[in-house]
Amino acid sequence: MAAARTALLVTALADRLRGLSCVAVGATSPLPAAAALLARARAEAVGDRLQTIVLGSRQHNPFTDGGRELFDCAAQGRIDAFFLSGGQIDGAGNVNLVGTGDYPALTHRFPGSFGSAYLAFLVPSVILYREEHSRRVLVPRVDFVSAPGTSAPGTYRPGGPTALVTGRCAFAFDRARGRFTLTSLHPGETLESVREHTGFDFQLPEGEGRAGTAAIPTTPAPTTADLWLLRERIAGEVAETYPRFAALIAAV
Amino acid sequence: MAAARTALLVTALADRLRGLSCVAVGATSPLPAAAALLARARAEAVGDRLQTIVLGSRQHNPFTDGGRELFDCAAQGRIDAFFLSGGQIDGAGNVNLVGTGDYPALTHRFPGSFGSAYLAFLVPSVILYREEHSRRVLVPRVDFVSAPGTSAPGTYRPGGPTALVTGRCAFAFDRARGRFTLTSLHPGETLESVREHTGFDFQLPEGEGRAGTAAIPTTPAPTTADLWLLRERIAGEVAETYPRFAALIAAV
Amino acid sequence: MTVPALTVAELVALIAPGSLVAVPPDYSGPSLAATRALIAAGTTGLRLLAVPTSGMQADLLIGAGVVDEVEAAAVLLGEHGGAPRFTAAVVAGAIRMRDTTCPAVHAALQAAEKGLPFIPLRGLIGSDVLRFRPDWQVIDNPFAVGGGAAAGAASADPIVLLPAIRPDVALFHAPRADRDGNVWIGRRRELVTMAHAASATLVTVEEIVDGSLLADEATAAGVLPALYVTAVAVAPGGAWPLGLPGHSEPDNAEQARYARAARSDDGFRAYLAELLADAAGAADAAGAADAGR
Amino acid sequence: MTVPALTVAELVALIAPGSLVAVPPDYSGPSLAATRALIAAGTTGLRLLAVPTSGMQADLLIGAGVVDEVEAAAVLLGEHGGAPRFTAAVVAGAIRMRDTTCPAVHAALQAAEKGLPFIPLRGLIGSDVLRFRPDWQVIDNPFAVGGGAAAGAASADPIVLLPAIRPDVALFHAPRADRDGNVWIGRRRELVTMAHAASATLVTVEEIVDGSLLADEATAAGVLPALYVTAVAVAPGGAWPLGLPGHSEPDNAEQARYARAARSDDGFRAYLAELLADAAGAADAAGAADAGR
Numbered sequence: 001m002a003a004a005r006t007a008l009l010v011t012a013l014a015d016r017l018r019g020l021s022c023v024a025v026g027a028t029s030p031l032p033a034a035a036a037l038l039a040r041a042r043a044e045a046v047g048d049r050l051q052t053i054v055l056g057s058r059q060h061n062p063f064t065d066g067g068r069e070l071f072d073c074a075a076q077g078r079i080d081a082f083f084l085s086g087g088q089i090d091g092a093g094n095v096n097l098v099g100t101g102d103y104p105a106l107t108h109r110f111p112g113s114f115g116s117a118y119l120a121f122l123v124p125s126v127i128l129y130r131e132e133h134s135r136r137v138l139v140p141r142v143d144f145v146s147a148p149g150t151s152a153p154g155t156y157r158p159g160g161p162t163a164l165v166t167g168r169c170a171f172a173f174d175r176a177r178g179r180f181t182l183t184s185l186h187p188g189e190t191l192e193s194v195r196e197h198t199g200f201d202f203q204l205p206e207g208e209g210r211a212g213t214a215a216i217p218t219t220p221a222p223t224t225a226d227l228w229l230l231r232e233r234i235a236g237e238v239a240e241t242y243p244r245f246a247a248l249i250a251a252v
Numbered sequence: 001m002a003a004a005r006t007a008l009l010v011t012a013l014a015d016r017l018r019g020l021s022c023v024a025v026g027a028t029s030p031l032p033a034a035a036a037l038l039a040r041a042r043a044e045a046v047g048d049r050l051q052t053i054v055l056g057s058r059q060h061n062p063f064t065d066g067g068r069e070l071f072d073c074a075a076q077g078r079i080d081a082f083f084l085s086g087g088q089i090d091g092a093g094n095v096n097l098v099g100t101g102d103y104p105a106l107t108h109r110f111p112g113s114f115g116s117a118y119l120a121f122l123v124p125s126v127i128l129y130r131e132e133h134s135r136r137v138l139v140p141r142v143d144f145v146s147a148p149g150t151s152a153p154g155t156y157r158p159g160g161p162t163a164l165v166t167g168r169c170a171f172a173f174d175r176a177r178g179r180f181t182l183t184s185l186h187p188g189e190t191l192e193s194v195r196e197h198t199g200f201d202f203q204l205p206e207g208e209g210r211a212g213t214a215a216i217p218t219t220p221a222p223t224t225a226d227l228w229l230l231r232e233r234i235a236g237e238v239a240e241t242y243p244r245f246a247a248l249i250a251a252v
Numbered sequence: 001m002t003v004p005a006l007t008v009a010e011l012v013a014l015i016a017p018g019s020l021v022a023v024p025p026d027y028s029g030p031s032l033a034a035t036r037a038l039i040a041a042g043t044t045g046l047r048l049l050a051v052p053t054s055g056m057q058a059d060l061l062i063g064a065g066v067v068d069e070v071e072a073a074a075v076l077l078g079e080h081g082g083a084p085r086f087t088a089a090v091v092a093g094a095i096r097m098r099d100t101t102c103p104a105v106h107a108a109l110q111a112a113e114k115g116l117p118f119i120p121l122r123g124l125i126g127s128d129v130l131r132f133r134p135d136w137q138v139i140d141n142p143f144a145v146g147g148g149a150a151a152g153a154a155s156a157d158p159i160v161l162l163p164a165i166r167p168d169v170a171l172f173h174a175p176r177a178d179r180d181g182n183v184w185i186g187r188r189r190e191l192v193t194m195a196h197a198a199s200a201t202l203v204t205v206e207e208i209v210d211g212s213l214l215a216d217e218a219t220a221a222g223v224l225p226a227l228y229v230t231a232v233a234v235a236p237g238g239a240w241p242l243g244l245p246g247h248s249e250p251d252n253a254e255q256a257r258y259a260r261a262a263r264s265d266d267g268f269r270a271y272l273a274e275l276l277a278d279a280a281g282a283a284d285a286a287g288a289a290d291a292g293r
Numbered sequence: 001m002t003v004p005a006l007t008v009a010e011l012v013a014l015i016a017p018g019s020l021v022a023v024p025p026d027y028s029g030p031s032l033a034a035t036r037a038l039i040a041a042g043t044t045g046l047r048l049l050a051v052p053t054s055g056m057q058a059d060l061l062i063g064a065g066v067v068d069e070v071e072a073a074a075v076l077l078g079e080h081g082g083a084p085r086f087t088a089a090v091v092a093g094a095i096r097m098r099d100t101t102c103p104a105v106h107a108a109l110q111a112a113e114k115g116l117p118f119i120p121l122r123g124l125i126g127s128d129v130l131r132f133r134p135d136w137q138v139i140d141n142p143f144a145v146g147g148g149a150a151a152g153a154a155s156a157d158p159i160v161l162l163p164a165i166r167p168d169v170a171l172f173h174a175p176r177a178d179r180d181g182n183v184w185i186g187r188r189r190e191l192v193t194m195a196h197a198a199s200a201t202l203v204t205v206e207e208i209v210d211g212s213l214l215a216d217e218a219t220a221a222g223v224l225p226a227l228y229v230t231a232v233a234v235a236p237g238g239a240w241p242l243g244l245p246g247h248s249e250p251d252n253a254e255q256a257r258y259a260r261a262a263r264s265d266d267g268f269r270a271y272l273a274e275l276l277a278d279a280a281g282a283a284d285a286a287g288a289a290d291a292g293r
């Protein structure tokens with residue numbers, strides 16, 4: 001992942017944290033960690049405050065009640081946003097972190113569901129992300145539902161997916177319809193290139209015809225201020241937890 | 001409470017801890033605290049070990065998980081014995097720590113049930129104690145059941161009362177029959193004096209006729225070794241938590 | 001400071017009438033400073049949740065008419081005997097009493113901490129504690145092996161379900177906070193559960209220290225993170241005449257004096273007037289000191 | 001010492017075949033020393049509970065055939081990617097995998113800690129995690145206000161009930177124990193819950209220190225009391241090549257070496273042989289040092 005592409009993804013993820021009070025980032029999640037810390041730095045610059053909890057960090061993790069505290073904290077309604085990736089993600093917002101094949105007879109095993117089967121229900125804004133944007137990842141229907149995109153009426157579910165950011169574009173998740181809407185194309189991508197590499201159908205922004213691509217916004221590039229923050233501040237902040245990723249950030 | 005009487009009650013309570021591994025003592029319970037520490041000292045003298053947890057003590061309370069730890073620990077099966085007193089105690093082993101009268105319209109209010117409604121179910125040996133042995137305390141039927149003496153079949157109840165020690169005598173609790181059996185008389189008491197001051201009917205030891213009292217054992221007096229331990233060791237151990245009571249113990 | 005540092009009067013002004021206020025037991029740092037300020041402010045209609053027992057704090061609040069309802073496993077003045085104003089108020093029917101048992105309070109707060117609507121608890125079956133709690137339910141344990149019938153029992157392992165208790169406010173006194181709003185609580189982890197479960201957490205502290213309490217791993221384990229702390233007020237001696245674990249011993253003479261005074265309503269009124277006069281003087285002194293912060 | 005101080009080999013000999021063994025995640029002090037000793041001892045048939053995830057420890061145990069069954073929310077080598085022996089064993093059907101989610105492991109252990117037969121948990125409804133857990137149940141929340149039907153919903157607030165998990169053994173590595181058997185765990189409170197929930201708790205430590213870890217109130221909050229500790233073994237560097245919070249950093253180069261080696265069964269065998277040879281040497285050295293205790 002080149003530095004410029006990294007910066008674009010980090011800022012695209014950070015854009016989805018505007019106006020929030022508290023974001024948590026799970027373990028082994030360098031991209032979201034950088035995004036959360038960038039969003040915090042941006043908030044501070046305008047006198048706001050974004051509490052940023054980065055699991056695996058010593059500096060940015062205030063928890064003192066053990067491994068359960070993130071989950072309890074989410075259930076208490078104290079966490080506004082969380083990031084989830086997926087081995088497979090489908091057009092209904094379902095995420096698969098367990099494997100491909102006919103469970104339990106899997107052909108390929110992923111690490112496991114982590115907290116997704118819980119946090120995707122309880123955190124108001126669950127931001128899905130996956131650098132690889134291909135028909136291998138973005139499938140018509142996931143082989144195993146670690147976390148469903150939507151739930152039947154009557155299911156206790158204050159939270160759920162709100163967005164999906166990939167290496168090619170950004171989607172918003174339409175919870176009522178249980179479908180993604182393409183919201184922006186990264187530089188160099190077209191509606192056609194996204195369709196070609198996406199295994200599921202998705203909506204276009206209101207007012208967009210199905211044919212045209214000209215009017216679909218381009219994902220905002222990092223501002224000069226963002227790049228400065230990433231290089232001069234965020235690289236240092238993530239270095240404690242993700243030293244190799246920090247080097248990439250320092251080079252944007 | 002004179003020193004000699006205190007020593008007798010402490011040793012009578014300590015006698016009920018023989019062979020156990022772990023005893024816990026609630027807050028504001030000086031008599032049981034001294035008994036537990038005496039039982040521990042006795043065990044050490046013969047190379048055994050009795051874990052003694054005294055709530056309210058700094059020295060004798062290893063808990064680090066807050067107020068719930070005693071209750072969780074009991075539910076885990078780690079606590080063999082606990083002491084409970086009662087504003088009223090009846091012949092079925094029911095304990096009332098809430099008040100007299102027609103609840104909630106009480107005529108006299110006691111402090112409250114504390115953990116009795118739970119610990120009396122979960123701790124294998126719940127030792128009831130009350131210095132005052134009168135028809136005011138030992139009633140035919142408690143006005144409010146903080147903790148029942150027995151439970152209906154099918155109720156999860158690994159624990160329950162095993163004994164009752166008062167200022168006049170000691171009873172064992174017969175869990176199958178839900179009744180007390182008089183096991184020993186303190187010096188100066190007779191079956192008749194106990195009956196006179198007890199509001200409930202109780203059993204006599206196996207083989208005792210209802211008429212005779214001669215063969216009912218006398219509660220064992222503290223041994224010379226017990227008295228030495230109380231004066232020289234236990235007084236100091238309880239002083240941290242119960243300074244006034246420690247002075248009484250030091251004088252035995 | 002991330003978390004606002006207020007005066008004690010400002011702190012208790014955040015407690016709305018009718019709030020469910022969770023307070024710790026006498027051995028775990030009740031805020032007597034906030035108790036005095038609540039009385040001085042003329043707050044009424046509070047519902048008090050003792051976690052799981054209370055003493056002089058509850059008795060003062062009840063005697064002063066601040067509290068309408070009490071949920072507690074016990075209210076007493078420790079070694080100084082029964083809580084006189086509590087006892088009188090219950091017998092007079094002046095407060096609603098919700099009798100409970102210690103582990104039920106802890107479990108119901110843990111349910112709130114975990115966002116669970118309810119939590120099961122063993123024990124209780126056949127007690128009048130359960131009988132007089134219509135908000136508690138009994139179900140047959142769905143995980144019972146074979147069920148009670150198979151074992152020849154009358155019922156299939158009945159078990160109590162407690163609804164979660166989510167206090168509006170958790171209120172306590174602690175030795176220290178740092179400028180970020182992290183609060184040192186040591187081994188008093190019931191304070192952590194209270195704060196996690198509550199919508200707001202208000203803390204009076206002996207002092208505010210420089211440097212983060214979370215910086216040293218050796219002591220971080222005893223810290224309630226600022227994330228859960230709504231506001232802090234400095235109130236030296238704020239637990240007096242109760243003790244504060246790891247900081248100060250209880251003032252037994254003063255507690256005994258209170259226990260005697262509170263036996264009568266007149267005695268209580270006289271004690272209270274004196275206490276509030278002292279508190280007002282202390283607040284003035286604190287205000288003067290505060291002006292320099 | 002109240003709690004026996006054993007060699008690591010003696011410690012793992014207390015783990016009976018078929019035991020359910022709870023282990024912490026990579027960031028919380030897994031005992032790699034005990035892991036090596038278990039493999040060296042030829043132990044088999046263990047059921048592993050990751051609390052709630054595991055990494056190199058699980059991968060080693062699975063690759064070496066020590067483990068029949070794994071319950072985990074995830075198994076991976078952190079930044080070093082998937083756990084190769086775990087992945088291979090699942091695809092080959094060589095182990096039974098019980099997929100779960102992090103908060104379910106924590107909650108089920110808390111249920112055991114509290115002696116509850118079950119505990120509810122939000123989320124999960126509609127996931128395949130739930131669908132493939134026949135030991136979990138779904139009930140309608142008995143405390144739902146009005147019920148789902150009144151709200152026009154298809155069902156009345158379904159909620160999952162998890163059975164308590166009571167491990168036979170909790171096994172981990174910690175910086176230090178004292179001679180009473182108290183163990184310093186700092187902020188890693190999942191270790192406390194594991195120990196409370198488990199029938200036996202076995203701990204390897206960097207060192208055994210003089211004086212009680214509970215003596216200083218400033219640090220007592222981070223201590224697991226000896227009451228829950230079955231036995232302790234001194235194993236300096238016992239978390240290596242993982243890190244130990246508050247003590248040592250992870251050895252990333254070694255973890256990367258393992259991740260590469262374990263891609264093939266042959267590579268894994270070679271790595272393991274080397275590891276056990278080193279461990280045997282270390283054990284000899286420790287045994288010699290032990291002789292002086």
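Protein sequences appear in the order of chains A, B, C and D.
Residue numbers for the first sequence follow our numbering, so the first one is 1 and each next one is one higher.
Residue numbers for the second sequence follow our numbering, so the first one is 1 and each next one is one higher.
Residue numbers for the third sequence follow our numbering, so the first one is 1 and each next one is one higher.
Residue numbers for the fourth sequence follow our numbering, so the first one is 1 and each next one is one higher.
Just so it is clear, CB atoms sit at the ideal spot from N, CA and C, and this is done for glycine as well.
C-beta atoms of residue i and residue j nearer than 8 Å
i      : j      : result
D:L130 : D:A107 : no
A:G112 : D:A233 : no
C:P158 : B:T155 : yes
D:A111 : D:L162 : yes
A:I89  : A:V95  : yes
A:A35  : A:A14  : yes
B:R175 : B:T150 : yes
Buried versus exposed, by CB contacts within 10 Å (16 or more), residue i
i      : result
C:T204 : buried
D:V183 : buried
D:G211 : exposed
B:T183 : buried
For residue i, the first and last residue of its enclosing beta strand (DSSP E)
i      : result
D:L11  : First-last for D:L11: V8 to A13, but that is the alpha helix (DSSP H), not the beta strand (DSSP E).
B:G101 : G99 to D102
A:T224 : Counting along the chain, A:T224 falls outside any beta strand (DSSP E), though it belongs to the alpha helix (DSSP H) covering T224 to L229.
Residue range of the alpha helix (DSSP H) that includes residue i
i      : result
D:A221 : Neither: D:A221 is in no alpha helix (DSSP H) and is coded neither H nor E.
B:R195 : L191 to H197
Can we say the segment 157 to 176 of chain B touches the segment 129 to 136 of chain B, given the rule of at least three CB pairs closer than 8 Å? yes
In chain order, what are the residue ranges of uninterrupted alpha helix (DSSP H) at least 4 long that sit wholly in the segment 67 to 145 of chain C? Within the segment 67 to 145 of chain C, the runs of alpha helix (DSSP H) that reach at least 4 residues and sit entirely inside it are, in chain order, 84 to 92, 102 to 113 and 128 to 131.
Is the number of C-beta pairs between the segment 218 to 228 of chain D and the segment 173 to 193 of chain C that are closer than 8 Å three or more? yes
Of all the beta strand (DSSP E) runs that stay within the bounds of the segment 124 to 161 of chain B, which reach a length of 3 or more residues? 125 to 130
Is the segment 40 to 52 of chain A in contact with the segment 172 to 180 of chain C, if contact means three or more CB pairs nearer than 8 Å? no
Secondary structure, beta strand (DSSP E): runs of 3+ residues fully inside the segment 162 to 204 of chain C: 169 to 178
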